[in-house]
Structure formats: structure tokens, C-alpha cells
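For the sequence shown, counting from 1, position 322 maps to 556 in our numbering; every step adds exactly one.
Quick reminder that beta carbons are idealized off the backbone N, C-alpha and C, glycines included.
Written below as C-alpha cells is the structure these notes are about.
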Amino acid sequence: MQIELLGARLADPANGIDAVQDIYLADGKVFAIGERPANFQAERSINADGLIAIPGLVELSARLRDPGQEYKANISSESSAAVAGGITTLCVPPDTDPVIDAPAVVELITRRARDFSVVHIQVIGALTHALQSERLAEMYALKMAGCIAVSNAGHTIGNTELMRRAMEYAATFDLTVMTSCEDPWLAKNRHAHGGSIGFTLGLDPIPSAAETIIVARDLLLAEQTGARVHFCRLSTAHSVELIARARDAGLPVTADVAAHQLFLTELDLADFDTYCHVRPPLRTEADRQALRQGIAHGVIDVVTSDHQPHELDAKMNPFIETEPGISGLDTLLVLVLKLADEANIPLLDALATVTSHPAAVARLDCGGLNVGSAADLCVFDPSAEFELSAESIKSRGKNTPFVGHHFTGKVRYTLVDGAVVFENEA
Numbered sequence: 235m236q237i238e239l240l241g242a243r244l245a246d247p248a249n250g251i252d253a254v255q256d257i258y259l260a261d262g263k264v265f266a267i268g269e270r271p272a273n274f275q276a277e278r279s280i281n282a283d284g285l286i287a288i289p290g291l292v293e294l295s296a297r298l299r300d301p302g303q304e305y306k307a308n309i310s311s312e313s314s315a316a317v318a319g320g321i322t323t324l325c326v327p328p329d330t331d332p333v334i335d336a337p338a339v340v341e342l343i344t345r346r347a348r349d350f351s352v353v354h355i356q357v358i359g360a361l362t363h364a365l366q367s368e369r370l371a372e373m374y375a376l377k378m379a380g381c382i383a384v385s386n387a388g389h390t391i392g393n394t395e396l397m398r399r400a401m402e403y404a405a406t407f408d409l410t411v412m413t414s415c416e417d418p419w420l421a422k423n424r425h426a427h428g429g430s431i432g433f434t435l436g437l438d439p440i441p442s443a444a445e446t447i448i449v450a451r452d453l454l455l456a457e458q459t460g461a462r463v464h465f466c467r468l469s470t471a472h473s474v475e476l477i478a479r480a481r482d483a484g485l486p487v488t489a490d491v492a493a494h495q496l497f498l499t500e501l502d503l504a505d506f507d508t509y510c511h512v513r514p515p516l517r518t519e520a521d522r523q524a525l526r527q528g529i530a531h532g533v534i535d536v537v538t539s540d541h542q543p544h545e546l547d548a549k550m551n552p553f554i555e556t557e558p559g560i561s562g563l564d565t566l567l568v569l570v571l572k573l574a575d576e577a578n579i580p581l582l583d584a585l586a587t588v589t590s591h592p593a594a595v596a597r598l599d600c601g602g603l604n605v606g607s608a609a610d611l612c613v614f615d616p617s618a619e620f621e622l623s624a625e626s627i628k629s630r631g632k633n634t635p636f637v638g639h640h641f642t643g644k645v646r647y648t649l650v651d652g653a654v655v656f657e658n659e660a
């Protein structure tokens, strides 16, 4: 189908464009931007006056619960939630059941994605067999099966020698290592930040050092091995400092932060709110501000939803017995827009954290709107206000502390490969 979007404000961080431009799509690609091509016959014309068109969002960490936990969610339900939030590419961590440590599991997810997903699904392979941090996974076989990177998901490798060998092995096959940073000895069986709120509530503390010790270790290993390393879900001011120093020294590492860490702190645990039970835990106000500054200064490249949908029962027990994680696909875009407004971050810079930057980290050919590129777009109304409700959340997981919050910016259209897969003109 040939589609024209007329009068949209095109905001494309990858190409530094922020201007009103008409956009023409044909055969699933961006056909032209600006002047109407000769003989272009649109089969559908979308009046985008007053709307902003951006590249489709790229999400680096989305648990789709498929395979293994389909009672929580599945590829179909979560890809539908993704497009409602303007997300056109989802990267799946390896902590599925079975773990993504063999080509057969990659092929299973790829097949299910082809059959049931309306977005692009990319697979991250396991760094160690069964994520048990005992022996390395067959990274080359995983890469040949289509994995874009390797990770141990939330299971930090405590054995430094094993982590060194993992980085060396990944570097051999030009695979990005996505590392989570939580010292297993300092964080095991603990649930909240080691601050005044956690102590007051009687929750076993996870000190900031649990993260920064591993960040420091993995930075040193990255320097030694030459591996391409991406640091996932930073939560502390000290971690931001360490990444900044490493980048100033020329180490080509990247980092991300979960969107909720930019808006919530340990104070949100005051009433034992289980929807705020996350890993890494919510930290202090000073940490939150440092994370925001990390984005503003380009130290943190990516904002991720860290999407973890849960059924209601998973959040209904006493705090320490609940499962950590927030359902975040529905709120990724609006939280980034809110961040840009509150932290005075230019719109293109903020949008880069969910478009061109995650695409670059994952080494994917998306995240920008060039003539000839895949027509993956999000078109949203920057002035539309709404209150997030459990009923309005498209994900099967309703576990988010942002229910009842007011946001500005509503997705009107999402296109994947030039096809309109979501529209909301209300």
C-alpha cells in the first residue's frame, strides 16, 4: 500500500530532522520525505497536522513471557501492547523457559513471532548455559541462529574468571555483551535499597555497592578483552560516574536505564507498594537526579521499559514474596516525553534514547527514517492528555505504579513495514 502522511512534524534523531515534512511510504519502505514524488498515487492519506511522526521505538528489554509463562502474557498480547505505545521493535532477553541457550529455542521464538507478532522481534541469547553462571553458552551457534547479542539477563555472573572468558568469547564472534550489574553476594535474598526507607520498613537492604562493584569489574574486563559491552538498567549515581569516566577514557561502552528509575525513588515504597518492587531496587532522590543527568549529558544512551508483565496474584502477597518488575510497554513513550519536559532535555535528544540509540546498541537497521529504510513509524499527538488506567493498559500485565497518573502524548498511528498496525483517532 502507498500511504502519505501530510503535515506531520517529523522528529528523527538519527538524521537530526525536526521540521514539518510530508512523508510518503510505498512497498513497506520510506519512499520520499518532503516534496511529493512524481506519479505517487496514495491509496491512503493521513492528515497528520498537529501530530509528531518519529521512527518506531526500539525496546531493548521486553519479557514477553513466551515461551514458558504464557499465563502472564504472550507474544501476541505484548506485541499488540507495543504498537499501541509506538514501539515497533522488541528485543527479548534470554530468561524464557526454556532459556534461550540453544538454536532450537531461538527458532521457536522466531517462528512464534512470525505467526503472532505485529512488531519486529529480536532475540538475545544466553551468556551461560541455562543462565546458571557455570559454563558458557554456545555463542557462535546462537549468533548463527539470529541472536543480536548475549546476556545473562538478571543473573549476574559472580565468577570473575568466567565473566572474563565470556567477554573474550563474545568478542571473538563480534557479539555485544549485555550485562546486568548486581553482586550476587550483596544482593541475594534482599529486596530494597539499603537506605532509610528500607530499614524503616524492615526490608533486607541491597546496597548501592552491589551494583557499582560489578560495573567497575565489568568496565575493567571490557578494557582488557576488547569486548563490546552494554550495561543494563543502571540505578545509582556512582554507576553513572564510572560509565562517564570510562567513556571519557575512550572505552566504547554503552548503558541504559529503566524508565521507572527516572520517576520513582525508595520513598515510593513507604506503603509497601508491591508495584514498586523492582530489580535493581528504587534508589534515592540523588540517584534519580544523577540518572537524569546521565541521559542529559549522553552518558546513558538508552531508556528501556524493562517490561515485565505479571498476573495480579504475583503482586498481591507481602512485599518480599512478590515478584519484581513493572509492565512498561504502555508507558515508555509518555515517560520519555515527560522526562524531556521535566528535565529540559531537547525533544530529539530524548527521543534518541528510544529510537536511534537502542537500534545502534543492538546493531539493528532501524531507529531512523531514511529514504529506502523500513517504514516503521509512530505518529502521536503531543497535546493529547489522558489518565492511565488499568483498563487502558494494552499489555496483559497491569502491574504498574503509574496507574492514575496523568500524561501528555497519545499515539494515534503506528506503522510497521509500511502497514498501519495501530490507530486511535479518538
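Handout entry: Sequence-distant residues of the same chain with beta carbon closer than 7 Å to Ala530, five excluded per side
Key = Counting from one through the sequence shown, the residue named residue 530 turns up at place 296. Only Ala577 and Ile579 meet the Cβ criterion.
Problem - Cβ-heavy atom distance, Pro337 to the ligand NAP, below 7 Å - result: Among the components modelled here there is no ligand, and therefore nothing to report on the ligand NAP.
Handout entry: Residue from Ser314, Phe433, Val352 and Leu573 with nearest C-alpha to Arg517
Key = As a first step, residue 517 must be located in the sequence shown, where it is residue number 283. Of Ser314, Phe433, Val352 and Leu573, the residue nearest in Cα terms is Phe433.
Practice task
Would you kindly check if the distance between the Cβ of Ser295 and the Cβ of Tyr610 is under 8 Å?
Solution key: Reading the sequence shown from its first residue, position 376 is the one you call residue 610. Reading the sequence shown from its first residue, position 61 is the one you call residue 295. It is worth fixing the name first, because residue 610 is Asp in this sequence and not Tyr. Going by C-beta atoms, Asp610 is not nearer than 8 Å to Ser295.
Problem - Assigned secondary structure, Ile606 (DSSP; H/G/I helix, E/B strand, else coil) - result: For the purposes of this step, residue 606 is taken as the residue at position 372 of the sequence shown. What sits at residue 606 in the sequence shown is Gly, not Ile. Reduced to three states, the DSSP call for Gly606 is coil.
Exercise for the section: Could you have a look at Phe407 and say whether DSSP puts it in helix, strand or coil? Expected result: Sequence index remark: in the sequence shown, residue 407 carries index 173 (1-based). Note: Phe407 maps to coil in three-state DSSP.
Exercise for the section: Taking 8 Å as the cut-off, decide whether the C-beta atoms of Ala282 and Ala242 are in contact. Expected result: For the purposes of this step, residue 282 is taken as the residue at position 48 of the sequence shown. For the purposes of this step, residue 242 is taken as the residue at position 8 of the sequence shown. Closer than 8 Å, so yes.
Handout entry: Sufficient close CB pairs (3 or more, under 8 Å) joining the segment 315–323 to the segment 636–655
Key = yes
Handout entry: Gln458: first and last residue of the uninterrupted alpha helix (DSSP H) it sits in
Key = Counting from one through the sequence shown, the residue named residue 458 turns up at place 224. Per DSSP, Gln458 belongs to the alpha helix (DSSP H) from Ala443 to Thr459.
Exercise for the section: Give, in chain order, every unbroken run of the beta strand (DSSP E) that is at least 3 residues long and sits entirely within the segment 619–651. Expected result: The DSSP assignment places complete beta strand (DSSP E) segments of no fewer than 3 residues inside the segment 619–651 at 640–650, in order along the chain.
Exercise for the section: Can you check the segment 330–413 for any beta strand (DSSP E) of at least 3 residues that lies completely inside it and give the ranges in chain order? Expected result: 354–360 and 383–385
Problem - Length of the line joining the Cα atoms of Pro247 and Asn633 - result: Position 13 of the sequence shown, counted from the first residue, corresponds to residue 247. Position 399 of the sequence shown, counted from the first residue, corresponds to residue 633. Each residue's Cα considered, the two are about 31 Å apart.
Problem - For Leu259, the residue or residues it bridges with in DSSP - result: Taking the sequence shown and counting its residues from 1, the one referred to as residue 259 is at position 25. Bridge partners of Leu259: Ile237 and Val264.
Handout entry: Nearest-angstrom Cβ-Cβ length linking Val588 and Val570, presumed shorter than 8 Å
Key = Against the sequence shown, residue 588 aligns to sequence position 354. Against the sequence shown, residue 570 aligns to sequence position 336. Rounded, the Cβ-Cβ distance is 6 Å, consistent with contact.
Practice task
Just mark Leu298 as buried or exposed, buried being the case when its beta carbon has 16 or more other beta carbons within 10 Å.
Solution key: Here residue 298 refers to the residue found at position 64 when the sequence shown is read from its first residue. Buried is the call here.
Practice task
Express the C-alpha separation of Leu370 and Ala336 in angstroms, rounding to a whole number.
Solution key: As a first step, residue 336 is located in the sequence shown; it is residue number 102 there, counting from the start. As a first step, residue 370 is located in the sequence shown; it is residue number 136 there, counting from the start. Those two C-alpha atoms are separated by around 12 Å.
Exercise for the section: Could you give the DSSP three-state label for Asp564: helix, strand or coil? Expected result: The residue labelled residue 564 in the question sits at position 330 within the sequence shown. Three-state result, Asp564: helix.
Practice task
Grab me the residues of Ala480's own chain with a C-beta within less than 7 Å of its C-beta, minus the 5 sequence neighbours each way, in chain order.
Solution key: Sequence index remark: in the sequence shown, residue 480 carries index 246 (1-based). Leu453 and Val487.
Practice task
Confirm, please, whether the CB-CB distance from Ala426 to Ile440 is below 8 Å.
Solution key: The sequence position of residue 440 within the sequence shown is 206, counting from 1. The sequence position of residue 426 within the sequence shown is 192, counting from 1. Yes, they are a contact pair.
Handout entry: DSSP-derived helix/strand/coil call for Glu500
Key = Translated into the one-based positions of the sequence shown, residue 500 becomes position 266. Three-state result, Glu500: helix.
Exercise for the section: May I ask which residues mark the beginning and end of the beta strand (DSSP E) holding Ala315? Expected result: Locating residue 315 in the sequence shown gives position 81, counting from the first residue. First-last for Ala315: Ile309 to Ala318, but that is the alpha helix (DSSP H), not the beta strand (DSSP E).
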